[in-house]
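To start, the structure under review is shown below, and the notes come after it.
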Amino acid sequence: MHDDSPTSGSDRNRTVAPGPRRSRRRWQVAVTVVCLAGGFLFGTARSYSGGDEIRPRNVELSGLINEAQQRVGEAEAVAQTLQRQIDAAAGQDVSPQVAEQRTAADQLAPAAGLTPVEGPGVTVTMTDAPRDSDGNYPADANPDDLVVHQQDVQSVVNALWAGGAEAMTIMDQRVIATSAVRCIGNTLLLMGRAYSPPFVVSAIGPSGPMIAAIEAEPGVRLFRQYVDRFNLGFEIEIADDVRAPAYDGLVRMTAAQEVPR
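Under our numbering, the first residue of the sequence shown carries the number 33, and numbering increases by one thereafter.
Next comes the structure, spelled out in structure tokens:
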């Protein structure tokens, strides 16, 4: 807010200097307050840390990912052993009720992605922008503009499903209804395993409708703008024989309803 009342030039520029004693006293009070606050903060920090270093330690993200992958691999090996034991036990004589449920489960297995499938389809490959001869990226580019992101891969996956894909893999891993695509930096995390680009998505189904769906997907269109500007990799290939292995992980879905196409 400003004052619109008429003011002479001398009044507008006039300043009143505080007396030397009042200025010195204020300065002493301010120094005392700062020292007390600093001592309190240092004491609190030392008490909190117990005398140890409280600065964040540098942790290599890649090391954490590798450790997590190792744990996932060990858990998968144990799960596979247990599953073989379950299958062996289930092959023995069972009651008619159990046999009926097993038959129903076997009929649902193909739709759930629990059986291998092969046939003609489409393969999409996406990769980060290349470096120049000196190992540098373009000077005018943001680092985020030069890598494939989670939403880019997800856009391709959604488009393939919309185009009539019957089965799909990402990096040769079977994709089912509960699969989640996540990215950490420029690595893809899928079902506990990390992958580096190029990222390969393959789908079994009608190539024409699937390619048309990819071309029409807004997220893919946005990604292709960066492909044209920064030379990221994006390739669509019609394949005569796409193989999708059976999903061998845990299926946590408890209920589902088919959506008519």
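The beta carbon of each residue, even a glycine, is placed where N, CA and C say it ideally should be.
- Nearest neighbour of Met158 by Cα position, chosen from Arg225, Ala121, Met203, Val130, turns out to be Met203.
- Contact between Arg206 and Tyr258 does not hold, since the beta-carbon distance rounds to 29 Å and is not under 8 Å.
- Note that the C-beta distance between Met223 and Gly153 is not below 9 Å.
- With contacts defined by Cβ atoms closer than 9 Å, Gly281 and Ile246 do not form a contacting pair.
- By the Cβ rule, the segment 224-234 counts as touching the segment 182-197, because three or more pairs are nearer than 8 Å.
- Look at the segment 196-238 and you find these whole runs of beta strand (DSSP E), each 3 residues long or longer: 199-202, 214-216, 219-222, 225-227, 231-236.
- Annotated as distal: Ala161 and Asp172, with beta-carbon spacing of 9 Å or more.
- The C-beta separation of Glu150 from Ala276 comes to about 7 Å, placing the pair in contact by the 8 Å criterion.
- Distance from the Cα of Glu198 is smallest, within the candidate group Leu221, Val274, Ala248, Gly251, for Val274.
- Secondary structure note for Gly251: its alpha helix (DSSP H) is the uninterrupted segment 250-262.
- Taking all protein chains shown into account, Ser239 has 16 or more neighbouring C-beta atoms within 10 Å of its C-beta and is therefore buried.
- Look at Val180 here: in three-state DSSP terms it is coil, with no helix or strand label.
- Bridge pairing for Ile270: Val154 [DSSP].
- Contact check for Asp184 and Phe262: beta-carbon distance about 13 Å, past the 8 Å limit, so the pair fails to qualify.
- A check of alpha carbon separations from Gly217 across Val179, Met200, Arg253, Thr210 identifies Val179 as the nearest.
- In the structure shown, Ala276 falls within a strand segment according to DSSP collapsed to helix, strand and coil.
- Taking every protein chain shown into account, the CB of Ala136 has fewer than 16 other CB atoms within 10 angstroms, so this residue is exposed.
- Counting along the chain, no alpha helix (DSSP H) covers Asp164, and no H or E run does either.
- Of all alpha-carbon atoms in Thr219, Ala212, Val104, Ala143, the one lying nearest the alpha-carbon of Gln289 is that of Ala143.
- For Asp138, the enclosing alpha helix (DSSP H) starts and ends at 128-144.
- Straight through space, the alpha carbons of Ile118 and Ser127 are spaced by roughly 16 Å.
- Residues of the same chain with a CB within less than 8 Å of the CB of Cys215, apart from the 5 flanking positions on each side, are Val180, His181, Gln182, Val185, Leu221 in chain order.
- Separation of Gln133 and Val283 (C-alpha to C-alpha, rounded to the nearest whole angstrom) is 17 Å.
- Secondary structure at Val283: coil, using DSSP grouped into helix, strand and coil.
- Around the beta carbon of Thr113, a 10 Å sphere encloses fewer than 16 other beta carbons of the protein chains shown; the residue is thus reported as exposed.
- Apart from sequence neighbours up to five positions away, the residues of its chain that approach Thr201 with a beta-carbon distance below 7 Å are Val207, Ser234, Ala276, ordered along the chain.
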